[in-house]
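Asks: Got a structure for you, written out below as structure tokens; questions coming shortly.
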Amino acid sequence: MRQQLSSKFSPFRFSLTETGRGLGYPAQSADDNLVTFHGKQTNERLRKFVHETRTNTNVKNSNNVRGKTLSNSAKLSISQKNWKSQRDHKTGLFSSLGLLSSRNATGWTRLSCNKSAKFRLAKLPTSVGNLSLYVYDSMRDDMSLTSWLLRGELPEKKEIEKFLEISKHLPLIDVGSNLGTVTLQAAMQKRQVVALEPVHSNAQRLCRSALDFDLDSYVHVILNAASAREGEVTLAADYFREMARFSVQGMPGKPPGYHPVTSYAILLDRLLEVVPFRTAALKIDVEAHEGYVLAGAERLFQEMDIPLVWLEWEHVIRLPRYGAEFILMFMHKHGMEAHDVISKEKLQEDNWKAWPATVLWKRKDNL
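Numbering of the sequence shown is given in the UniProt record's numbering, commencing with residue 1 and proceeding in unit increments.
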């Protein structure tokens, strides 16, 4: 559910400090490897920046996002024929990539879904049935999500129930899936789910939960972070005893971080190379990195029908880059309006700083 990006990673890095006054839009600096912040810019300047960001990625050909014509430096390890067979496969989402996979600069790799004695089983009732999933061995190891689940409690329970109800007719893309509380409940509704999780120990628990509790025909787990650009990233937990929840290192108000791990960040557009569906609901809960995820999802929104987006809002309102104003503009461009998840009432955009912690975006033609 949480992913963290270091401000000093290779082959690119971000400047996460504000160099202008107030909130505004991001602009490319003179150093191609740095993105700085220069205060408020015009809409045209932002559109130009987003265009430059997209064209600087590994996606060099407009046709390659469907896995048909990749550049030489980013060829898929699966053929067009295999990609078609994955779409038609009836016992799993990705027949060639199995239950767990990951992508790097050269293509997709199938990974093993292993079980460990350190996986502890948690069970709790939900609106869609009794949920069983693997958590960390002790609350002392993970005082965030594991401690909730072992007490029989579910964070954001009402919001999750409402979102699952509203989106129940759609496949789901779960970005920042963590241990799989949303992914597994959606699978229990017999929905196709693609879950992105950047932390290996979380992804292993999620894929084993799907496998051991007969949900593997609905779920595929991708071991990657999602961001505005692709490359190796460093992640860390906010606090010492948090093994499940990770967030962005160096972001305003965040501590230095613990338990550093590495992951490969991909554009969300990369999902178009392998996903077997072309319409989906989207959930993004990545602890202040939501705007970065959307910046790498332009083609996904253009080529896939996405009428509903769950997005964690509480942390983006203070960000100078890829924060609230960027997200507002991105959503407007794609015809989305903000609503309260529970009441379903439309939110007043001139009061976005007072919006609830989680926002449901609905496409205007789907209201």
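Glycine included, every Cβ here is placed at the ideal spot set by N, Cα and C. Predicted model, so just to flag it, every value in this text is computed and none were measured.
Taking just the CA atoms, how far does L170 sit from A226?
Replies: Spanning the two alpha carbons is a distance of roughly 21 Å.
Asks: Would you give the residue range spanned by the alpha helix (DSSP H) that L95 belongs to?
Replies: The amino acid occupying residue 95 in the given sequence is Ser; Leu does not appear at that position. Neither: S95 is in no alpha helix (DSSP H) and is coded neither H nor E.
Asks: Considering only the alpha carbon of each residue, which of A354, E298 and D305 lies closest to D365?
Replies: Closest option to D365, Cα to Cα, is D305.
Asks: So which of P307, A295 and V182 has the shortest CA-CA distance to residue 426?
Replies: The chain is shown from 1 up to 367; residue 426 falls before or after that span and cannot be answered.
Asks: Going by the CB atoms, is the gap between I284 and V261 shorter than 9 Å?
Replies: No; because the gap between Cβ atoms is not below 9 Å, this pair is not in contact.
Asks: Between S102 and the rest of its own chain, which residues show a CB-CB distance below 8 Å, the 5 nearest in sequence each way excluded?
Replies: For S102, where only same-chain residues beyond five positions count, the Cβ hits under 8 Å are W108, T109, L111, I222, L223, N224 and Y264.
Asks: Rounded C-beta distance between L154 and Y134? I'm assuming under 8 Å.
Replies: The Cβ separation is near 15 Å, so there is no contact.
Asks: Measuring alpha carbon to alpha carbon, tell me which residue in A354, M336, A210 and E197 is nearest R191.
Replies: Per the Cα distances, A210.
Asks: Please classify D174: does DSSP put it in a helix, a strand, or coil?
Replies: In this structure, D174 counts as strand in the three-state DSSP scheme.
Asks: Are the beta-carbon atoms belonging to Y322 and E290 less than 9 Å from one another?
Replies: The answer is yes: Cβ separation under 9 Å.
Asks: Drop a sphere of 10 angstroms on the beta-carbon of E345, count the other beta-carbons inside from all chains shown, and report buried for 16 or more, exposed for fewer.
Replies: That one is exposed.
Asks: Between which two residues does the alpha helix (DSSP H) carrying R120 extend?
Replies: No alpha helix (DSSP H) contains R120, which is instead part of the beta strand (DSSP E) from R120 to T126.
Asks: So who's on the other strand from M336, going by DSSP bridges?
Replies: M336 pairs with R363.
Asks: Could you tell me which of L99, A105 and K123 sits nearest to L267, measuring between CA atoms?
Replies: Considering only alpha carbons, the answer is A105.
Asks: Can you tell me whether A357 is helix, strand or coil according to DSSP?
Replies: Coil, per DSSP.
Asks: Would you kindly check if the distance between the Cβ of L271 and the Cβ of V194 is under 9 Å?
Replies: Against a cut-off of 9 Å, the Cβ pair of L271 and V194 comes out as a contact.
Asks: Kindly indicate the opening and closing residues of the beta strand (DSSP E) around V316.
Replies: First-last for V316: undefined, no H or E at that position.
Asks: What's the call for T279, buried or exposed, on a 16-neighbour Cβ count within 10 Å?
Replies: That one is exposed.
Asks: Which residue marks the beginning of the beta strand (DSSP E) containing R110, and which one marks its end?
Replies: Per DSSP, R110 belongs to the beta strand (DSSP E) from G107 to L111.
Asks: Determine the extent of the alpha helix (DSSP H) in which S147 is found, giving its start and end residues.
Replies: Element bounds for S147: L145 to L150.
Asks: Which two residues bound the contiguous beta strand (DSSP E) that contains K158?
Replies: Per DSSP, K158 belongs to no beta strand (DSSP E); it is in the alpha helix (DSSP H), K157 to I166.
Asks: Using DSSP bridges, identify the partner residues of R103.
Replies: Per DSSP, W108.
Asks: Quickly, what does DSSP pair Y264 with across the bridge? List them, please.
Replies: Answer is E232, bridged to Y264.
Asks: Any heavy atom of the ligand FAD within a distance shorter than 8 Å of the CB on R208?
Replies: Ligands in the displayed structure: none, and consequently the ligand FAD is not present.
Asks: With DSSP as the reference, please indicate the residues paired to Y134 in a beta bridge.
Replies: Note: Y134 sits in a beta bridge opposite L121.
Asks: Taking its Cβ as the centre, do 16 or more other Cβ atoms sit within 10 Å of S167, making it buried, or is it exposed?
Replies: Result: buried.
Asks: So what's H220 in DSSP terms, helix, strand or just coil?
Replies: It is a strand residue.
Asks: L282 and V175 - do their beta-carbons sit closer together than 9 Å?
Replies: Against a cut-off of 9 Å, the Cβ pair of L282 and V175 comes out as a contact.
Asks: Measure the alpha-carbon distance for D269 versus A186 and round it to whole angstroms.
Replies: In a straight line, the C-alpha of D269 is about 22 Å away from that of A186.
Asks: Between which two residues does the alpha helix (DSSP H) harbouring E303 extend?
Replies: Where E303 is concerned, the enclosing alpha helix (DSSP H) stretches over E298 to E303.
Asks: Give the secondary structure of V194 by DSSP, where H, G and I count as helix, E and B as strand, and everything else as coil.
Replies: Here V194 sits in strand by DSSP.
Asks: Considering just the uninterrupted stretch of the alpha helix (DSSP H) at E290, what are its terminal residues?
Replies: E290 -> alpha helix (DSSP H) spans E290 to A295.
Asks: Alpha carbon to alpha carbon, how far is D142 from T126?
Replies: In a straight line, the C-alpha of D142 is about 22 Å away from that of T126.
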